[in-house]
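One structure is given below, encoded as C-alpha coordinates.
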(Lines of atoms letter the chains of each structure in order from A; the text may use other names.)
(Lines give C-alpha, C1' and ligand atoms only; values in the text may rest on other atoms or scores of the structure.)
Protein backbone atom coordinates (compact mmCIF):
# COMPACT_ATOMS: atom_id res chain seq x y z
CA UNK A 2 0.00 0.00 0.00
CA UNK A 3 1.35 3.41 -0.97
CA UNK A 4 1.19 6.03 1.77
CA UNK A 5 -0.23 9.47 0.93
CA UNK A 6 2.49 12.05 0.30
CA UNK A 7 0.71 14.60 2.49
CA UNK A 8 3.22 15.80 5.08
CA UNK A 9 0.78 18.11 6.91
CA UNK A 10 2.05 21.36 5.36
CA UNK A 11 -1.27 22.03 3.68
CA UNK A 12 -0.89 25.46 2.11
CA UNK A 13 -1.46 26.04 -1.58
CA UNK A 14 0.65 28.39 -3.66
CA UNK A 15 -1.86 30.77 -5.26
CA UNK A 16 0.27 31.16 -8.38
CA UNK A 17 0.89 27.48 -9.21
CA UNK A 18 -1.98 25.78 -7.38
CA UNK A 19 0.48 23.29 -5.82
CA UNK A 20 0.76 22.50 -2.13
CA UNK A 21 3.95 23.92 -0.58
CA UNK A 22 4.44 20.72 1.43
CA UNK A 23 3.79 17.87 -0.99
CA UNK A 24 3.40 19.48 -4.42
CA UNK A 25 -0.09 18.10 -5.13
CA UNK A 26 -2.82 20.19 -6.75
CA UNK A 27 -6.44 20.07 -5.54
CA UNK A 28 -7.51 17.41 -8.07
CA UNK A 29 -4.62 15.16 -7.02
CA UNK A 30 -5.51 15.63 -3.34
CA UNK A 31 -9.03 14.39 -4.13
CA UNK A 32 -7.70 11.40 -6.13
CA UNK A 33 -5.54 10.22 -3.22
CA UNK A 34 -8.64 10.07 -1.00
CA UNK A 35 -10.75 7.99 -3.40
CA UNK A 36 -10.99 4.29 -2.55
CA UNK A 37 -10.77 3.28 -6.21
CA UNK A 38 -7.54 5.15 -7.01
CA UNK A 39 -5.02 2.61 -8.29
CA UNK A 40 -1.60 1.99 -6.80
CA UNK A 41 -0.18 2.57 -10.29
CA UNK A 42 -1.67 6.08 -10.40
CA UNK A 43 -0.27 6.79 -6.93
CA UNK A 44 3.23 5.63 -7.95
CA UNK A 45 3.14 7.86 -11.02
CA UNK A 46 1.77 10.80 -9.01
CA UNK A 47 4.59 10.51 -6.47
CA UNK A 48 7.06 10.98 -9.32
CA UNK A 49 5.03 13.87 -10.74
CA UNK A 50 4.73 15.81 -7.51
CA UNK A 51 8.41 15.43 -6.69
CA UNK A 52 9.27 16.84 -10.12
CA UNK A 53 7.50 20.04 -9.04
CA UNK A 54 9.71 20.47 -5.98
CA UNK A 55 13.37 21.40 -5.97
CA UNK A 56 16.22 22.31 -3.65
CA UNK A 57 15.50 22.42 0.07
CA UNK A 58 11.76 21.97 -0.55
CA UNK A 59 12.35 18.62 -2.27
CA UNK A 60 14.83 17.47 0.37
CA UNK A 61 12.44 18.48 3.16
CA UNK A 62 9.59 16.62 1.47
CA UNK A 63 11.69 13.47 1.05
CA UNK A 64 12.86 13.52 4.69
CA UNK A 65 9.34 14.03 6.04
CA UNK A 66 7.71 11.52 3.67
CA UNK A 67 10.29 8.84 4.47
CA UNK A 68 9.74 9.49 8.18
CA UNK A 69 5.98 9.14 7.64
CA UNK A 70 6.44 5.83 5.81
CA UNK A 71 8.67 4.42 8.59
CA UNK A 72 6.88 5.90 11.61
CA UNK A 73 3.32 6.64 10.50
CA UNK A 74 3.66 10.38 11.12
CA UNK A 75 5.27 13.27 9.25
CA UNK A 76 8.14 15.21 10.80
CA UNK A 77 5.89 18.27 11.06
CA UNK A 78 3.29 16.39 13.12
CA UNK A 79 6.03 14.75 15.19
CA UNK A 80 7.38 18.18 16.11
CA UNK A 81 3.87 19.44 17.01
CA UNK A 82 3.50 16.63 19.54
CA UNK A 83 6.72 17.56 21.39
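In the numbering used here, the protein residues as written are 2 to 83.
C-beta: ideal position from N, C-alpha, C; glycine also.
Every value quoted in this text rests on a predicted model; they were computed, and no experiment measured them.
- Taking each of 71, 23, 68 in turn and checking the Cα distance to residue 49, the smallest one comes out for 23.
- Between residue 21 and residue 10, the C-beta spacing is below 9 Å.
- If you check the CB distance, residue 54 and residue 64 do not come in under 9 Å.
- In this structure, the alpha-carbon of residue 69 lies about 20 Å from that of residue 42.
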